[in-house]
Amino acid sequence: MRPLSDEERAVLSALTEDFVSATVVKVRSGLPRGQRNETVLAACMGLAQRGLAERAGSGLRSTLRWRKARGGFAPERERHLHGTRNCEEAP
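So the sequence shown is numbered by full-length UniProt numbering: it starts at 1 and just counts up by one.
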């Protein structure tokens, strides 16, 4: 799997254990004010697919809330975050 993009890394660092809106994530992540929330939503959805973020709420953008995934930081998640491979993996 590909490494996280700059936006995904910024969004991941902005997420906490509390569910918050995409607008709050955007402000915390330091992404430009003029950038649309769709960028944050896409990053959050990508992180959720990797098991790094969780969402709550319906599919409507205005009611979606995001937080950092619970349950520790598995080696698989570490590789996705930094784009590195585990030492045990063959080159």
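Where a beta carbon is used, it is the ideal one built from N, C-alpha and C, also for glycine.
Within this structure, are the beta carbons of Ala69 and Gly51 separated by less than 9 Å?
Sequence index remark: in the sequence shown, residue 69 carries index 69 (1-based). Sequence index remark: in the sequence shown, residue 51 carries index 51 (1-based). Cβ distance < 9 Å, so Ala69 and Gly51 count as in contact.
Over what stretch of residues does the beta strand (DSSP E) that includes Glu54 continue unbroken?
In the sequence shown, residue 54 corresponds to position 54, counting from 1. Ala53 to Ala56 is the extent of the beta strand (DSSP E) around Glu54.
For Arg9, report the span of its alpha helix (DSSP H) as first-last.
Locating residue 9 in the sequence shown gives position 9, counting from the first residue. Asp6 to Ala14 is the span of the alpha helix (DSSP H), which, as asked, contains Arg9.
Classify Arg33 as helix, strand or coil using the three-state DSSP reduction.
Translated into positions along the sequence shown, residue 33 becomes position 33. Of the three classes helix, strand and coil, the one that applies to Arg33 here is coil, per DSSP.
Would you identify the three-state DSSP class for Arg28, choosing helix, strand or coil?
As a working note, residue 28 is residue 28 in the sequence shown. Here Arg28 sits in helix by DSSP.
Do you know whose CA, among Met1, Val27 and Ser21, lies nearest Ser58's CA?
As a working mapping, residue 58 is identified with position 58 in the sequence shown. Among Met1, Val27 and Ser21, the Cα nearest to that of Ser58 is on Ser21.
Nonlocal neighbours in the same chain, by C-beta distance under 7 Å from Leu15, ignoring five residues either side
As a working mapping, residue 15 is identified with position 15 in the sequence shown. Excluding sequence neighbours, Leu15 sits near Val25, Ala53, Trp66, Arg67 and Lys68.
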